[in-house]
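S.K.:
Residue numbers (the numbering used here): 22 to 95.
#1: To the nearest angstrom, how far is the alpha carbon of residue 66 from that of residue 89?
#2: At the level of alpha carbons, what is the spacing between residue 48 and residue 28?
#3: Would DSSP call residue 28 helix, strand or coil?
#4: Hey, could you find the ends of the alpha helix (DSSP H) residue 33 is sitting in?
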């Protein structure tokens, strides 16, 4: 049976020590999208050299996603 604590308040969590988003540099993420696009294109080229057509197509699909993200298509 649960015992009820009389006169005791639940413990509060300590304040979050992270910096607030207003103090951080804001970015639209296009730098990460470009980096990921280039990464997946390179992985697709490597898969082509290995002859792995399924992996090549998979990587090109990811590259296309990041390409569209960079250009505001999504």
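Every residue gets a Cβ at the ideal spot worked out from N, C-alpha and C, and that includes glycine.
M.R.: Concretely, from the data shown:
#1: 19 angstroms
#2: Only weak support is given to the placement of residue 48: the predicted model assigns it a pLDDT of 48, under 50, and the question is left unresolved by the model.
#3: coil
#4: Taken as a continuous stretch (DSSP letters only), residue 33 belongs to no alpha helix (DSSP H), as it is neither H nor E.
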